[in-house]
Amino acid sequence: MTTTAVDVVEPLGYAEYGQRVRAAIVDSLLITFAVGALVFGLSVFAARGGPFASFLSTLAYLIYLAGATLYYTVCYAEGGQTIGKVTTRTAVRLDGDEDRSLGYIRALIRALIPPFFWVLIVPGLLDVLWPMWDRKHQTLHDKLVGSVVIQI
């Protein structure tokens with residue numbers, strides 16, 4: 725019987741700002757295409773008018789937000805990597821314990837904070853720009869849930 729060594733991936737450090745931006749672009753495109761067909765279909769019916777136009781527009785937007793929230797929550801809780809983070813060789817981990825994923829509660833909170841920040845615009849801008857001058861390259865939503873994005 726032979727044994728094989730398990731590859732242990734050691735973190736290389738905190739993810740650079742460019743890596744985070746590239747991962748966000750990949751994930752945004754993926755979510756837009758994956759959920760976009762359904763949202764587009766509902767939007768077409770809403771654009772025609774009628775008694776349900778407002779309801780369908782709202783439903784389309786809520787489906788998009790729910791799809792994005794589900795995607796980020798499951799990916800961050802289960803392994804810390806979205807498809808965008810896989811392509812940039814980065815992962816979301818607990819700050820101070822880079823071997824652990826966030827778990828579902830923190831992952832859900834981390835996924836919900838940015839949309840709320842963007843409602844007020846300035847917090848949204850600060851959130852995405854903060855990693856440029858932060859020592860650990862954390863966003864504000866990283867700081868609030870105790871997460872970091874590391875290179876792997």
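Under the working numbering, residues 725 to 876 are what the sequence shown spells out, in order.
Using N, Cα and C, we set each Cβ at its ideal position, and we do this for glycine too.
Would residue i and residue j qualify as a contact pair, given that the criterion is a beta-carbon distance under 7 Å?
i: I837; j: H865; result: yes
i: R746; j: T812; result: yes
i: A739; j: Q862; result: no
Which residues mark the beginning and the end of the beta strand (DSSP E) in which residue i is found?
i: I874; result: S871 to Q875
I need the straight-line Cα distance from residue i to residue j, nearest angstrom please.
i: G760; j: Y788; result: 7 Å
i: T756; j: V750; result: 10 Å
i: V732; j: R824; result: Confidence at V732 is low in this model, with a pLDDT of 49, below 50, so its placement is unreliable and no value can be given for it.
Kindly list the residues whose CB is nearer than 8 Å to the CB of residue i, restricted to its own chain and excluding five residues on each side of it in sequence; keep chain order.
i: L826; result: Y800, A801, G804, V816, R817, L818, R834, V869 and S871
i: V730; result: In this prediction, V730 scores a pLDDT of 47, lower than 50, which makes its location untrustworthy; the coordinate-derived value is nonetheless stated afterwards. Within the same chain, V730 has no close Cβ partners at all.
i: L783; result: L766
Starting from residue i, trace the alpha helix (DSSP H) both ways and give me its first and last residue.
i: T756; result: Y741 to A771
i: L783; result: A777 to E802
i: R834; result: Y828 to V843
Comparing alpha-carbon positions, which option in the options lies nearest residue i?
i: A777; options: L786, A748 and S767; result: S767
i: Y785; options: W854, F841 and L762; result: L762
Below 7 Å CB to CB, which residues in the same chain sit around residue i once its five sequence neighbours on both sides are set aside?
i: L780; result: L766, F769 and A770
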